[in-house]
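A short write-up of the structure that comes next.
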Amino acid sequence: MSQTQHTGADLPVIAVHDLTKTYAMEGAPVHALRGVTLEIRRGEFVSVVGPSGSGKSTFMHILGCLDQPASGRYVLEGRDVSRLSDDELSAIRNRQIGFVFQGFNLLPRTSAIENVELPLLYTPDARITPAERRRRASAALAAVGLQDRADHHPNQLSGGQQQRVAIARALLNDPAILLADEPTGNLDSETSVEVMDIFQRLNEERGLTIVLITHEPQVAEYASRIVRFKDGRVVSDQRNASRRADVGRAVNS
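Here is the structure:
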């Protein structure tokens, strides 16, 4: 990472410096991260790729404040979050980070719009009335082309539609970053294209900062930057000149 001093609006949304993480497996140390240094600017769409065991999932967990590094610094929107308490990390996860996982993690007995509303139920803000919560959830569903499925339950939706509900839920608190961990892992090729179109459109039209973990080269190609991990280290970090551009072709299917 460059040692340039950043101030004000020039601050990267994510800056990590010399991150390390070691796990004990059957009494032997496993070095998941070995001094990772990286910056991600506001509005970037970054794919993180690498073989199993390369450290990319550990890196994602640290970015999402689901885990903490053994050493090094993680600065999110100018704040060092490397050593915060569990309650402080929980607040950051709720307010500043949107998550999309391989499993859709929807409540089965709850409608699409009620699933989307969930993050606001844990936001202690008296200004967010039930009507405002419903308005925001409706807007989020519209952003992923599912406003006409608001009252459907997960078992009434296709896999791609369920993932789009999960994306809408991740958008609800207007996060600083959206972290997507293998979001197409449970989808077929055609549906994967639909979902990746949405990520790309959100990045281009809203300027949403997206960090995507994937093992699929075709999925990684949707990002404007591809970072490769191997053995707990960043081995390449390149702009993607051949970025796929299928944006919007199937959002309303």
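Per this note's numbering: the sequence shown = residues 445 to 697. All residues carry an ideal CB built from backbone N, CA and C; glycine is no exception. No experiment lies behind these values; they were computed from the predicted model shown.
Can you tell which of ILE621, ILE541, THR464, VAL474 has its C-alpha closest to the C-alpha of PHE503?
Minimum Cα distance to PHE503 is reached at THR464.
With DSSP as the reference, identify every bridge partner of VAL493, one or two as the case may be.
Listed as beta-bridge partners of VAL493 by DSSP are ARG672.
Euclidean distance between Cα positions of ALA472 and THR466:
Inter-residue distance for ALA472 and THR466 is about 10 Å (C-alpha atoms, whole angstroms).
Kindly list the residues whose CB is nearer than 7 Å to the CB of ILE783, restricted to its own chain and excluding five residues on each side of it in sequence; keep chain order.
Outside the shown range of the chain (445 to 697) lies residue 783, about which nothing can therefore be said.
Look at the alpha carbon of ILE557 and the alpha carbon of MET469, and state the distance between them as a whole number of angstroms.
Straight-line Cα distance between these residues: approximately 42 Å.
Drop a sphere of 10 angstroms on the beta-carbon of GLN644, count the other beta-carbons inside from all chains shown, and report buried for 16 or more, exposed for fewer.
By the C-beta density criterion, GLN644 is buried, having at least 16 other C-beta atoms within 10 angstroms.
Comparing C-alpha positions only, which one of HIS659, SER636, PRO627 sits nearest to GLN546?
Across the set HIS659, SER636, PRO627, the C-alpha of PRO627 shows the shortest separation from the C-alpha of GLN546.
Pull the bridge partners of PHE503 from the DSSP assignment, please.
Partner(s): none; PHE503 has no beta bridge.
Residue burial classification, SER575 (beta-carbon count within 10 angstroms, cutoff 16)
As written in the sequence, residue 575 is Ala, which differs from the Ser given in the question. By the neighbour-count rule (16 or more Cβ atoms within 10 Å), ALA575 is not buried but exposed.
Does LEU622 come out as helix, strand or coil in the three-state DSSP assignment?
In the three-state scheme derived from DSSP, where H, G and I count as helix and E and B as strand, LEU622 is classed as strand.
From the DSSP output, in three-state form, read off PRO473 for me.
Taken through DSSP and simplified to helix, strand or coil, PRO473 comes out as strand.
Find out if the Cβ-Cβ distance for the pair ALA624, THR653 is shorter than 8 Å.
Their beta carbons are not under 8 Å apart, which means ALA624 does not touch THR653 by this criterion.
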